[in-house]
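Asker: Just dropping this structure here.
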Amino acid sequence: MKEIYENVRNLREDNDLKQKDVADFLKMSRTTYNHYELGHSSFTADMIIELANLFKTTPNVLLNFNNSLEITDTDLVKLCKFVRDENINVDTVITLLSYARKLYL
Numbered sequence: 013m014k015e016i017y018e019n020v021r022n023l024r025e026d027n028d029l030k031q032k033d034v035a036d037f038l039k040m041s042r043t044t045y046n047h048y049e050l051g052h053s054s055f056t057a058d059m060i061i062e063l064a065n066l067f068k069t070t071p072n073v074l075l076n077f078n079n080s081l082e083i084t085d086t087d088l089v090k091l092c093k094f095v096r097d098e099n100i101n102v103d104t105v106i107t108l109l110s111y112a113r114k115l116y117l
């Protein structure tokens with residue numbers, strides 16, 4: 013399974029953006045952003061939302077979840093593990109889900 017940092021790097025390259033472009037968008041140095049893209053630092057939920065906006069995609073794509081309109085049991089399990097592992101609060105999860113719903117509907 014692809015990791016989020018691989019997805020982000022591929023999307024950045026597919027959009028002909030340099031690390032500096034994405035770093036500027038996220039208001040951080042290129043060096044700091046490089047740590048995220050290499051997997052040395054974990055993307056925050058807010059960063060995932062911002063990156064989804066930048067790449068005109070959904071958080072599901074960045075997180076390597078199923079991209080269909082139906083939420084599967086596998087997607088829910090992945091989401092629960094991600095929330096647990098990253099210590100994300102419920103309000104942030106609701107924000108992510110509502111954002112994804114707006115893109116699909």
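In case it helps, this note's numbering puts the sequence shown at residues 13 to 117.
Beta carbons are placed, not taken as given, at the ideal position from N, Cα and C, and that holds for glycine.
1. Going by alpha carbons, who is nearest to D103 out of K93, A57, F77 and H47?
2. N46 CB to nearest chain B CB: under 8 Å?
3. Applying the 10 Å Cβ sphere with the 16-neighbour rule, what's the burial state of L63?
4. Helix, strand or coil for I100 per DSSP?
5. Kindly list the residues whose CB is nearer than 6 Å to the CB of V105, restricted to its own chain and excluding five residues on each side of it in sequence; keep chain order.
6. Within a Cβ cutoff of 7 Å, which residues of the same chain sit near R21, ignoring the five residues on either side of it in sequence?
7. Rounded to whole angstroms, what's the CA-CA distance from N72 to D28? Just pull it up for me.
Answerer: According to the structure data:
1. A57
2. In the structure shown, chain B does not exist; there is a single protein chain.
3. buried
4. coil
5. V95
6. E49
7. 21 Å
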